[in-house]
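Sequences listed follow chains X and L, in order.
With UniProt numbering as the guide, the letters of the first sequence map in order to residues 1 to 289.
With UniProt numbering as the guide, the letters of the second sequence map in order to residues 1 to 289.
Cβ atoms here follow ideal geometry from the backbone N, Cα and C, with glycine treated the same way.
Okay, structure first, notes after.
2 protein chains.
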Amino acid sequence: MDSRFTHIVPSSSFNGNTDQNEKYSDDEERSLYSFATALSMSGGDGDNSYSTNSLLQRRVLSKAKPVLVKNTKELIINLNFPKYIKVADLGCSSGQNTLLAMSEIINTINVFCQKWNQNPPEIDCCLNDLPNNDFNTTFKFIHLFSEKNLTCKGSYFVSGVPGSFYSRLFPRNSLHFVHSSYGLHWLSKVPEGLEKNKMSVYITTSSPLSTYKAYLNQFQRDFTTFLKLRYEEMVPNGIMVLTFIGRNTIGNPLHRDCCHFWTLLSKSLRGLVVEVYISKSKRKHLFLL
Amino acid sequence: MDSRFTHIVPSSSFNGNTDQNEKYSDDEERSLYSFATALSMSGGDGDNSYSTNSLLQRRVLSKAKPVLVKNTKELIINLNFPKYIKVADLGCSSGQNTLLAMSEIINTINVFCQKWNQNPPEIDCCLNDLPNNDFNTTFKFIHLFSEKNLTCKGSYFVSGVPGSFYSRLFPRNSLHFVHSSYGLHWLSKVPEGLEKNKMSVYITTSSPLSTYKAYLNQFQRDFTTFLKLRYEEMVPNGIMVLTFIGRNTIGNPLHRDCCHFWTLLSKSLRGLVVEVYISKSKRKHLFLL
């Protein structure tokens, strides 16, 4: 299970002049922050780690590769073969997947510059996820990344950027390329108005339409925040490649295909309540973001 | 014991067009890299962690504070109250100390800009150490850092940069301010010519002068590399504040005061060899960098 969660409270950055829609008091910020810090993927590279169980996410990266390559080339042309570019992977997670997209971008740039007989730019590779993400594990894989790119003629520099992508993460006007794969469907907080969706962690076929709308509203607010923030951070002519989970069934928002996986999770949790492994009151607070 | 070690092999960055003095074949690079990855401080924040046992380093930071503050103000004047500055702390280690210098820099800039009625710049705070450094623990302290700086009127952005400061870590012409405290005395590799310094991990009062010279030569090579690399990375009018361990006794390089601490360590290791906890052959390979 992918456990990348995001939260709207600034964590690694603080913008005193923020123009975000949501503003909290100091106390609220602290309480929301502690909520955010409690969220993290399963770290390390053991059997139960995210790193070892993210084949689906790897497949998504692989499927989106042609779009990534095409847009990377376009960026280099847009910027007229620049000397320097800054690339961010938002919601990078931990493990080997983390460096796959970056590797593809570096490789594409180098081959493309070579083809056009131009010097490749220096590349700043910024890997972002929540502060509780296991950056240590990701950094341990960097030597493999370096070995893979030893033939690369340009220079690249890797950094880890801890913080929610629903907060400012980078200085104004600094990013040339933003990539995010399989991360933006995670919301910043539990949507408001889930009271009628008792005993389910997400939308199910039996949920009231208000549950679907609550999730939709939260997504719209979050995605708007995301776009506004990236607008501040990106240079003109920059490019974003965002890979999302989508729906095949537009007509019926409660269609089984959209949420079957999470329905099974809800059922399992209900089973744990019946068997008294989880109390009913605790269960009420379990929601999928 | 401070266990920050450094190594000359590029780890998080690779510069195909490197003009460093030292060049290695692919095999040598790989072997040297595996040597570097084996080195790390004691992570976490438990009783035996670096984080919990770095009071000395905290005192060093505290003593150097006036120099840091003075130079931070000079930087802002040099750059004529810029909109953006990028600050790097090289050999940042893990734990709360890591963010102390950054906090001081941010605070100084904000108060100084306020005094001169200028908008504070956006600040990129880059925390560097070897890839095996426990960045996770450092990132966990970021919320305290954010809380401490909540009154800060400017924006700042924290990132972790894994790699040796004896390799390129940042793009050309990008750094405005470089800070390094109590880290640059760690060498990139075991000096050559320590054959005659048997059974000691470092210079002792009984070491031959050749041992002292071997360490001095390695330091000079490393520090030259460090300065050359930072020269490439820093902007004109940038500033560096480097805090070193120094010597009170210039006349006698083998003076007890310079190495007594490590002499005790050598003796302890010799004791472990006598008691067969460490084999004689393994002991031969133990050196302080």
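| Query | Result |
| --- | --- |
| Where the stretch 77 to 89 of chain X meets chain L: residues whose CB sits under 9 Å from a CB there | LYS83, TYR84, LYS86 |
| CB contact below 8 Å: X:LEU169 versus chain L | yes |
| Cutoff 8 Å: L:ASP222 Cβ touching any chain X Cβ | no |
| Candidates L:ILE245, L:LEU254, L:ILE278: closest to L:LEU56 by CA position | L:ILE245 |
| Interface flag, X:ILE278 vs chain L, CB-CB below 8 Å | no |
| Three-state secondary structure (DSSP) of L:ILE8 | Confidence in L:ILE8 is poor, its pLDDT being 29 and thus under 50, which makes the residue's placement unreliable; the coordinate value appears in the next sentence. Looking at L:ILE8 - three-state DSSP - the assignment turns out to be coil, as it is neither helix nor strand. |
| Range of the contiguous beta strand (DSSP E) that encloses X:CYS126 | 122 to 129 |
| DSSP three-state assignment for L:SER25, whether helix, strand or coil | With a pLDDT of 47 at L:SER25, under the threshold of 50, the modelled position of that residue is not reliable, and the figure given next carries that caveat. Coil at L:SER25, not helix or strand. |
| For X:GLY95 and X:SER103, the rounded distance between their alpha carbons | 14 Å |
| Contacting residues, own chain, Cβ-Cβ under 7 Å from L:ARG230 (five flanking each side not counted) | VAL178, MET240 |
| Which residues DSSP lists as bridging X:GLY251, in chain order | For X:GLY251, which the question treats as bridged, DSSP gives no partner whatsoever. |
| L:HIS260 classed as buried or exposed, judged by whether at least 16 other C-beta atoms fall within 10 angstroms | exposed |
| DSSP beta-bridge partners of L:LEU90 | L:ASN128 |
| For X:SER188, the three-state DSSP class (helix, strand or coil) | coil |
| First through last residue of the beta strand (DSSP E) which encompasses L:ILE239 | 234 to 243 |
| Cβ-based neighbour list, X:ASN53, same chain, cut-off 6 Å, excluding 5 preceding and 5 following | none |
| Contacts of X:PRO131 in chain L (Cβ-Cβ under 8 Å) | PHE139, LYS140, ILE142, HIS143 |
| Enclosing beta strand (DSSP E) for L:VAL178 [first to last residue] | 175 to 181 |
| The alpha helix (DSSP H) enclosing L:PHE139, as first and last residue numbers | 135 to 140 |
| Neighbour list for L:PHE135 in chain X, Cβ cutoff strictly below 7 Å | PHE135, ASN136, PHE139, GLY160 |
| 8 Å Cβ cutoff, X:VAL273 in contact with chain L | no |
| Interfacial residues, the stretch 194 to 206 of chain X to chain L, with Cβ spacing under 8 Å | none |
| Element boundaries [beta strand (DSSP E), containing L:VAL158] | 155 to 162 |
| Proximity test, Cβ basis, 8 Å: X:LEU75 and chain L | no |
| Sufficient close CB pairs (3 or more, under 8 Å) joining the stretch 131 to 143 of chain L to the stretch 102 to 118 of chain X | no |
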